[in-house]
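Asker: Dropping the structure in here first, questions after.
Here it is in structure tokens:
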């Protein structure tokens with residue numbers, strides 16, 4: 391294959407990757423100026439702050455309701471609280487990256503596949519935890 395064609399195909403592969411998109415966005419932001427970048431970054435960080443407050447609020451409500459439940463032991467309650475916390479933070483990160491302009495479709499597809507794989511891998515363990 392001709393070296394110029396190889397160089398173009400490798401550039402296209404990099405620009406389609408997650409980090410290639412990130413580098414392209416940084417290039418666009420530097421061309422638009424720092425004000426546009428700071429506004430986008432500031433609104434994104436504000437969204438993350440509001441999301442963090444919502445996660446803390448949801449975790450407190452869930453903790454109170456799990457404390458009232460008589461059939462759920464402490465280990466299961468901690469597992470549920472940590473799971474809600476992790477899912478909330480993953481959601482916040484995805485929303486932030488989508489807000490700054492990155493295509494999160496492939497990342498979400500990868501997370502979905504990972505979730506299915508982990509679900510099958512831990513199926514018996516989680517079943518044992520739920521049964522007590």
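In my numbering, the protein residues as written are 391 to 522. Each residue gets a CB set at the ideal place from its N, CA and C atoms; glycine is no exception.
According to DSSP, simplified to helix, strand and coil, what is residue 417?
Answerer: Reduced to three states, the DSSP call for residue 417 is helix.
Asker: Quick one: Cα of residue 427 to Cα of residue 465, how far?
Answerer: Residue 427 and residue 465: Cα-Cα distance of roughly 44 Å.
Asker: State yes or no: is the C-beta of residue 445 within less than 7 Å of the C-beta of residue 478?
Answerer: Against a cut-off of 7 Å, the Cβ pair of residue 478 and residue 445 comes out as a contact.
Asker: When you compare the CB positions of residue 420 and residue 490, do they come within less than 7 Å of one another, or not?
Answerer: Result no, Cβ atoms of residue 420 and residue 490 do not sit closer than 7 Å.
Asker: As an exercise, report each continuous alpha helix (DSSP H) stretch of at least 4 residues that is fully enclosed by the segment 486-513, in chain order.
Answerer: Fully enclosed alpha helix (DSSP H) runs of 4 or longer: 495-511.
Asker: Taking the alpha helix (DSSP H) that residue 423 falls in, what are its first and last residues?
Answerer: Here residue 423 belongs to no alpha helix (DSSP H), and DSSP marks it neither H nor E.
Asker: Spatial neighbours of residue 480 within its chain, please: CB distance less than 8 Å, with the 5 preceding and 5 following residues excluded, ordered by chain position.
Answerer: These residues qualify, in order along the chain: 501.
Asker: Does any C-beta atom of chain C lie closer than 7 Å to the C-beta of residue 443?
Answerer: The structure shown contains no chain C, having only a single protein chain.
Asker: At the level of alpha carbons, what is the spacing between residue 475 and residue 425?
Answerer: Spanning the two alpha carbons is a distance of roughly 33 Å.
Asker: Is the distance from the Cβ of residue 438 to the Cβ of residue 486 below 7 Å?
Answerer: Their beta carbons are under 7 Å apart, which means residue 438 touches residue 486 by this criterion.
Asker: Alpha carbon to alpha carbon, what distance is there between residue 417 and residue 423?
Answerer: Their Cα atoms are separated by approximately 10 Å.
Asker: Between the beta-carbon of residue 441 and the beta-carbon of residue 482, is there less than 7 Å?
Answerer: Yes, they are a contact pair.
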